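Residue numbers (our numbering), protein chains in the order written: chain A, 613 to 861; chain B, 2 to 736.
Remarks on the structure that follows.
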Ligand SMILES: Nc1ncnc2c1ncn2[C@@H]1O[C@H](COP(=O)(O)OP(=O)(O)OP(=O)(O)O)[C@@H](O)[C@H]1O
Ligand SMILES: [Mg+2]
């Protein structure tokens with residue numbers, strides 16, 4: 613397996629023609645009850661097509677991260693329905709959902725969430741161990757290649773505590789992409805990076821869409837958002853506008 | 002307190018677990034209070050009864066002799082009672098005590114119901130024997146039970162109390178045959194000297210003691226000695242509980258403070274000064290300790306009272322009043338507070354001294370990778386990824402890892418100690434029976450030697466002899482007078498030879514002789530009821546007791562009743578005997594059953610303490626793991642986000658716990674084995690006998706399995722709660 617193989621078209625069951633990879637209907641997430649309740653997102657309808665790079669923008673507290681977490685399956689909606697890769701994920705049990713995530717989605721967090729006791733390459737390997745059935749040797753090889761791809765070939769055996777923020781973020785991206793998921797959800801992956809590094813990360817994710825991967829990219833950086841296929845603007849938990857950029861569609 | 006409340010609101014489960022475990026640990030220290038609590042009750046009963054200092058049975062005495070004894074040096078008061086064995090209508094043998102209810106000043110009967118006897122046919126009995134209003138028949142004479150009650154001295158027996166004249170008449174007008182003396186100065190040697198003077202007084206009229214006197218020096222009570230021994234054991238377990246408490250305290254405090262590293266770093270960055278920050282950090286752990294004490298101290302009082310009640314009800318049949326040992330209470334409070342303060346100060350200093358940049362970057366405590374051991378571990382990719390995570394997590398927090406190991410070891414130690422003690426005592430008991438081949442022992446119920454030696458003449462498989470108590474080298478010992486060619490007893494000699502007929506010779510227990518520096522050829526100076534006698538030590542017997550074996554004719558003569566005996570050993574369970582005085586036959590099987598019952602009681606009591614210690618330790622492990630899990634909740638959530646099911650998380654925890662469990666198990670077994678040896682050695686020293694240690698090897702698989710199951714359950718329990726919150730909520734708290 614080499615780097616090109618890694619980025620070859622997604623092997624997961626392709627969504628039926630014309631169907632959306634992400635299909636959210638009246639999606640609502642509310643914390644608490646009554647007066648004390650906090651609205652994360654409310655009544656969101658959204659479709660994301662396969663191979664598309666969608667940027668989600670909006671002011672702080674508008675519900676971007678909430679939406680991202682729902683789509684990535686690390687949170688469950690209060691109401692509404694959510695179909696991702698042809699699977700209804702809003703009603704899944706905890707463990708089912710975990711297994712689904714392992715095979716279908718890669719998540720890039722703003723604050724990395726690398727496992728502190730594992731080295732860079734081990735962190736990446738972990739995603740393979742949890743998300744696919746690859747032999748140990750192959751796994752290690754694939755993880756090294758994924759690190760190479762994000763420019764961290766020489767840092768494979770460093771612990772997170774020994775790396776800079778940008779380096780850690782790139783490990784996070786390698787970890788999210790190594791399983792070749794159909795969908796990648798990245799919540800402000802460039803927030804901790806300088807401009808050059810931020811663009812590099814964006815280009816990396818954008819490159820994945822060319823091989824069929826779908827990317828939901830949450831950001832504050834309007835420059836980056838401009839380069840996306842579509843831009844979803846959120847305000848107060850609702851989708852305010854969806855802006856087609858035409859470039860990729 | 003306020004900062005603690007804030008802390009509590011942040012992580013209630015974790016703080017509660019710590020408080021609860023710590024409180025239980027403090028409560029377990031309460032077992033140290035058991036001896037005081039029980040002794041208090043005994044002393045109270047003794048004071049109420051007017052417990053005498055010397056108890057001895059005698060040949061019948063007259064009023065003139067009693068008057069002389071009352072005038073002896075250091076005698077505050079002397080009273081006489083009459084005691085005989087009587088047969089109830091159902092054939093049951095019991096004891097009847099005759100006394101002057103109106104004039105009693107010692108061993109005063111305490112009524113639990115009814116009234117004192119006022120007529121010759123009225124009696125008071127033990128509560129278990131009859132009820133007020135019953136009629137009982139003793140030696141074919143019937144009596145009205147007008148009251149129930151008893152004294153501390155007789156609290157373990159069924160006794161009938163009646164008027165002195167009534168009992169002497171029933172016993173064939175023998176007169177008073179039991180002497181109670183209270184001394185002004187009740188030191189042991191003073192009491193002995195009184196007994197010697199009384200002997201002299203009796204001798205002038207040809208009277209003697211028929212039992213060896215019992216001394217209760219320095220205000221002690223009949224079972225003080227037993228309680229003292231039990232206390233040694235309890236103290237040891239208490240120390241174990243205290244150890245667990247301290248380890249737990251240290252690890253809880255450490256975590257509570259360490260996890261605020263980043264918060265403190267922010268405050269320092271904003272200009273906060275170290276000293277007030279440290280004070281605030283310390284206050285959190287002191288707050289938790291205070292709450293734990295508030296719960297734990299009453300718990301300790303309850304535990305000590307509960308176990309004291311078990312001990313006293315089991316061994317002397319009295320129910321103690323509620324009592325508190327203020328020394329233990331204050332001691333554990335001060336100790337725990339000081340310990341908390343010490344650990345908190347250390348942790349706080351460390352947290353405020355950490356370089357700012359490092360502290361700010363880290364979420365909870367020092368990051369993995371900061372030490373060479375971390376980097377070394379990262380370089381050695383052994384095993385699966387989860388296995389690596391598990392072992393590195395243990396390495397990351399060595400103090401907590403050690404704490405968990407110690408806690409497991411303490412639990413295992415307690416779990417191994419208890420059955421080892423039981424098997425050792427068990428083995429000791431059967432060892433004491435081993436030299437005896439008789440199937441039954443028939444003993445006279447009254448003092449003295451009431452049977453002629455010849456009662457067994459012509460009977461095959463049956464021998465007559467003597468069993469009495471005496472004193473040698475200041476130890477109370479058992480003396481056996483046997484036929485020289487006895488077939489009932491095999492001395493299992495380790496040295497020397499068996500006694501020659503009519504020789505003033507004795508064989509002694511080997512362990513006892515060794516502990517007192519006695520060797521074959523030495524002259525033994527033995528105090529008997531009848532006075533002081535000398536014998537040559539000719540052999541040592543491997544019998545695990547504190548005994549002397551003599552020719553029965555020699556012993557009978559020394560006891561002042563030549564040709565007489567008080568005990569009959571037989572190969573039959575129910576020998577066909579015609580005896581001239583009251584007796585009771587106990588079969589070897591019953592004797593063994595009695596032993597087993599006594600043993601079961603001891604095992605029950607120590608089992609209870611062991612369960613408490615093991616429980617505290619288990620809770621402590623649970624609390625440590627809860628804290629550890631809380632610290633790593635982001636890590637676990639991240640794992641879940643990557644697709645790990647809860648089964649994987651459980652696997653991770655089990656991988657982490659099992660090696661610690663294995664080390665704890667080995668350490669705990671060693672600890673338990675050492676503890677058993679220590680306890681047995683102290684028993685051997687305090688009793689001058691051989692007991693021997695038998696490790697409960699058979700319990701090891703169960704303990705190992707128990708440890709394993711407990712750890713797996715622990716992992717299950719902790720992961721269950723981790724799976725409940727949405728991953729994103731947990732991760733959000735990380736930022
Ligand atoms: N776990 C939670 N509990 C309660 N309220 C929450 C929770 N998570 C989010 N919210 C609320 O939901 C709303 C949307 O939050 P969200 O994190 O999605 O915003 P965001 O658009 O990502 O903001 P930012 O750009 O600052 O990251 C906010 O008002 C927030 O307070
Ligand atoms: Mg956000």
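For each residue, glycine too, the CB sits at the ideal point set by N, CA and C.
As the structure is a computational prediction, the values presented were derived from the model and not from experiment.
Using DSSP's beta-bridge definition, name the partner residues of residue i.
{"i": "residue 477 of chain B", "result": "B:472"}
{"i": "residue 650 of chain A", "result": "A:643"}
{"i": "residue 186 of chain B", "result": "Per DSSP, none; premise fails for residue 186 of chain B."}
{"i": "residue 506 of chain B", "result": "B:537"}
{"i": "residue 664 of chain B", "result": "DSSP output for residue 664 of chain B lists no bridge partner at all."}
{"i": "residue 97 of chain B", "result": "B:85 and B:161"}
{"i": "residue 445 of chain B", "result": "B:584"}
{"i": "residue 549 of chain B", "result": "B:480 and B:509"}
{"i": "residue 528 of chain B", "result": "B:472 and B:533"}
{"i": "residue 570 of chain B", "result": "B:442 and B:464"}
{"i": "residue 829 of chain A", "result": "A:667 and A:798"}
Given this structure, state the Cα-to-Cα distance separating residue i from residue j, to the nearest angstrom.
{"i": "residue 379 of chain B", "j": "residue 739 of chain A", "result": "18 Å"}
{"i": "residue 736 of chain B", "j": "residue 765 of chain A", "result": "Any answer about residue 736 of chain B is weak, because its pLDDT of 39 lies below 50 and its placement is not dependable; what the coordinates show is given next. Cα to Cα, residue 736 of chain B sits roughly 28 Å from residue 765 of chain A."}
{"i": "residue 672 of chain B", "j": "residue 534 of chain B", "result": "46 Å"}
{"i": "residue 177 of chain B", "j": "residue 159 of chain B", "result": "20 Å"}
{"i": "residue 638 of chain A", "j": "residue 694 of chain A", "result": "9 Å"}
{"i": "residue 18 of chain B", "j": "residue 286 of chain B", "result": "14 Å"}
{"i": "residue 566 of chain B", "j": "residue 700 of chain B", "result": "46 Å"}
{"i": "residue 337 of chain B", "j": "residue 531 of chain B", "result": "56 Å"}
{"i": "residue 716 of chain B", "j": "residue 647 of chain B", "result": "11 Å"}
{"i": "residue 839 of chain A", "j": "residue 761 of chain A", "result": "21 Å"}
{"i": "residue 355 of chain B", "j": "residue 342 of chain B", "result": "20 Å"}
{"i": "residue 745 of chain A", "j": "residue 703 of chain A", "result": "25 Å"}
{"i": "residue 595 of chain B", "j": "residue 588 of chain B", "result": "11 Å"}
{"i": "residue 721 of chain A", "j": "residue 798 of chain A", "result": "6 Å"}
{"i": "residue 860 of chain A", "j": "residue 623 of chain B", "result": "In this prediction, residue 860 of chain A has a pLDDT of 43, which is less than 50 and means its spatial position is unreliable; nothing more can be read from the coordinates."}
{"i": "residue 681 of chain A", "j": "residue 852 of chain A", "result": "19 Å"}
{"i": "residue 388 of chain B", "j": "residue 792 of chain A", "result": "25 Å"}
{"i": "residue 581 of chain B", "j": "residue 420 of chain B", "result": "46 Å"}
{"i": "residue 691 of chain A", "j": "residue 304 of chain B", "result": "52 Å"}
Leaving out five residues before and five after residue i in sequence, what residues of the same chain have Cβ atoms less than 7 Å from its Cβ?
{"i": "residue 140 of chain B", "result": "87, 88 and 171"}
{"i": "residue 577 of chain B", "result": "none"}
{"i": "residue 492 of chain B", "result": "436, 499, 508, 540, 542 and 550"}
{"i": "residue 735 of chain A", "result": "726, 727, 783 and 787"}
{"i": "residue 660 of chain A", "result": "632, 633, 634, 666, 826 and 828"}
Can you give me the start and stop residues for the alpha helix (DSSP H) that residue i sits inside?
{"i": "residue 559 of chain B", "result": "553 to 559"}
{"i": "residue 330 of chain B", "result": "327 to 354"}
{"i": "residue 42 of chain B", "result": "35 to 50"}
{"i": "residue 111 of chain B", "result": "Run containing residue 111 of chain B: none in the alpha helix (DSSP H); it sits in the beta strand (DSSP E), 111 to 115."}
{"i": "residue 64 of chain B", "result": "64 to 71"}
{"i": "residue 712 of chain A", "result": "706 to 716"}
Where do the ends of the beta strand (DSSP E) carrying residue i lie?
{"i": "residue 603 of chain B", "result": "Counting along the chain, residue 603 of chain B falls outside any beta strand (DSSP E), though it belongs to the alpha helix (DSSP H) covering 589 to 632."}
{"i": "residue 81 of chain B", "result": "76 to 88"}
{"i": "residue 846 of chain A", "result": "842 to 847"}
{"i": "residue 123 of chain B", "result": "123 to 126"}
{"i": "residue 768 of chain A", "result": "Looking at the DSSP string, residue 768 of chain A is not in any beta strand (DSSP E), and its letter there is neither H nor E."}
Is any non-hydrogen atom of ligand 3 found closer than 7 Å to the C-beta of residue i, if you look at the structure I gave you?
{"i": "residue 697 of chain A", "result": "Within the structure as shown, ligand 3 is missing, the only ligands being ligand 1 and ligand 2."}
Short of 8 Å in beta carbon distance, which residues of its chain neighbour residue i, apart from the five on each side in sequence? Order them along the chain.
{"i": "residue 320 of chain B", "result": "310, 313 and 314"}
Spatial neighbours of residue i within its chain, please: C-beta separation below 6 Å, excluding the five flanking residues on both sides.
{"i": "residue 621 of chain B", "result": "22, 245, 249 and 408"}
Flag residue i as yes if its beta-carbon sits less than 8 Å from any beta-carbon of chain E, otherwise no.
{"i": "residue 767 of chain A", "result": "Included in the structure are the protein chains A and B, with no chain E among them."}
Does the pairing of the segment 647 to 662 of chain B with the segment 710 to 717 of chain B give three or more beta-carbon distances under 8 Å?
Yes, they touch.
If you pair each beta-carbon of the segment 671 to 678 of chain A with each one of the segment 690 to 705 of chain A, do three or more pairs fall below 8 Å?
no
Across the segment 54 to 71 of chain B and the segment 180 to 200 of chain B, are there enough close Cβ pairs to call them in contact, namely three or more that are closer than 8 Å?
yes
Below 8 Å, can you find three or more Cβ-Cβ pairs linking the segment 511 to 526 of chain B to the segment 553 to 573 of chain B?
no
Does the segment 35 to 46 of chain B come close enough to the segment 208 to 219 of chain B that 3 or more CB-CB pairs lie under 8 Å?
no
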